[in-house]
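What follows is a single structure, written as structure tokens, with notes after it.
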Amino acid sequence: MFWLNLAHAESLMPTAATDVAAQVDNLYKFLLISSFISCAILIGGMIFFAMKYKRKTDNDKTAYITHNTFLEFLWSFIPLVIFLGVFGWGWHIYHQMRHMPENGLEIHVTGKQWAWEVQYKSGVKTANLVVVPIDTDVKLILNSMDVIHSFYVPSFRIKQDAVPGRYTALTFNANKLGDFHIFCTEYCGTQHSGMIGTLKVVSKEDYDKWLEEESKVSTLPLAQRGEKLFQVKACAGCHSASDMSVKVGPTLYKKFGAEEELNDGQKLKVDENYVRDSILNPNTHIVKGFQANVMPSFQGQLSEVELSALIEYIKTLK
Ligand code: HEC
Ligand SMILES: [Cu+2]
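Dropping the structure here:
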């Protein structure tokens with residue numbers, strides 16, 4: 023039932039994964055329900071009185087009423103009390119939302135066209151992925167490399183602009199494990215809608231483990247970093263790497279050094295530049311038998327080193 027759904031707004035709202043998010047939802051529910059009640063009183067009253075005092079005969083005159091001080095006081099005073107209450111309530115939540123923790127876990131997040139670059143103090147770097155431990159005060163320090171972006175996590179009900187040339191901050195304390203969406207909510211160019219990331223809340227042990235594993239990545243040999251990226255960037259979902267099977271895209275097994283036929287009949291040798299182009303501008307060469315616009319461009323989502331790592335990994339697939 024609708025009213026029951028309202029009481030458990032989960033079905034209308036994204037999962038509330040912080041204490042603040044639950045409080046925001048309570049305020050929102052209050053506003054929604056009190057608006058419905060006011061609407062019913064106002065519109066219902068209007069219809070009721072229009073019918074009740076409808077002129078029934080030519081001489082049917084209603085009483086001549088100019089005003090009613092008590093009623094006027096009531097319909098001013100009651101809304102005033104409600105509005106002041108909502109103001110105080112909102113203030114209370116906003117204050118918690120913007121109160122930066124003293125000893126929080128600080129993570130740097132940089133927006134750029136069109137990805138979120140995340141850097142931990144230990145030096146670990148990720149793209150479009152923020153991993154945080156549960157029940158921990160986290161402070162994200164935001165900035166931007168180009169235009170204004172905005173970091174939004176619907177499940178946390180928090181949002182903050184990332185502005186070039188200065189730092190802004192966002193804080194939260196997640197109380198639910200899981201993967202939550204990150205969206206950019208400031209229009210920032212053609213791929214704005216693709217500027218999507220994941221905020222992963224894990225247990226404290228898993229967080230330490232993850233951080234330790236990630237710190238090792240930058241010291242791994244290039245090809246092994248590439249292998250990891252191949253998983254992390256979801257290339258593996260579309261390309262097989264260990265046999266000739268075709269997934270969404272062609273297999274990359276035994277591909278490097280071979281000759282590839284494109285759907286315009288052209289034949290190209292698969293070398294470093296071919297692979298680089300395939301990753302950054304997938305639509306410039308379409309492999310024979312495959313469609314354009316299936317593989318997303320990874321432009322802006324991979325650093326030069328990461329690209330080299332992927333290429334070195336693809337070289338080893340034989
Ligand atoms: C959504 C599925 C998808 C994802 C994700 C994806 N690709 Fe592709 N990829 C394709 C398709 C389809 C083609 C063939 C059409 C074309 O050439 O663009 C292709 C083509 C390629 C080619 C050219 C292969 C050849 O046979 O000449 C390379 C290299 C490649 N992808 C590498 C990658 C890498 C590296 C990643 C991860 C960073 C990746 N792809 C992610 C679907 C995908
Ligand atoms: Cu953006």
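Residue numbers (the working numbering): 23 to 340. Heads up, the beta-carbon is just placed ideally off N, CA and C, and yes, glycines get one too.
Of the heavy atoms belonging to ligand 2, none sits nearer than 7 Å to the Cβ of G145. An exposed status is given to L102, since fewer than 16 other beta-carbon atoms sit within 10 Å of its beta-carbon. Take the alpha-carbon of E235 and the one of L251: they are about 13 Å apart. In the structure shown, the three-state DSSP call for D293 is coil. For I204, the beta-bridge partners assigned by DSSP are G219. Only residues of its own chain outside the window of five on either side were considered, and among them W138, N150, V152, F173, Y174, V175, I218, G219, T220, L221 have a CB closer than 8 Å to the CB of I204, listed in chain order. The alpha-carbon separation between I115 and L302 amounts to approximately 43 Å. Residue environment: G248 is assigned as buried (16 or more neighbouring CB atoms within 10 Å of its CB, all protein chains considered). In this structure N195 is not in contact with D47, their Cβ atoms being roughly 16 Å apart against a cut-off of 8 Å. For V140, same chain residues with a beta-carbon under 6 Å away, outside a window of 5 residues either side, are V131, T148, V152 in chain order. I333 is not a Cβ neighbour of L274, given a cutoff of 8 Å. Around the beta carbon of K276, fewer than 16 other beta carbons lie within 10 angstroms, which makes this residue exposed.
Around the beta carbon of A331, a 10 Å sphere encloses 16 or more other beta carbons of the protein chains shown; the residue is thus reported as buried. Within its own chain, the residues whose Cβ lies closer than 7 Å to the Cβ of N305, once the five positions on either side in sequence are excluded, are A314, N315, listed in chain order. Note: K181 is bridge-paired with Y174 in the DSSP secondary-structure output.
Judged by DSSP in its simplified three-state form, W111 adopts helix. The beta carbon of E328 is closer than 6 Å to those of L251 in its chain, skipping five residues each way along the sequence.
Within the model, the alpha-carbon separation for T91 versus D183 is close to 48 Å. With respect to the 8 Å criterion, S264 and T37 are not classified as neighbours on the basis of their beta carbons. Of the heavy atoms belonging to ligand 1, none sits nearer than 7 Å to the Cβ of S330.
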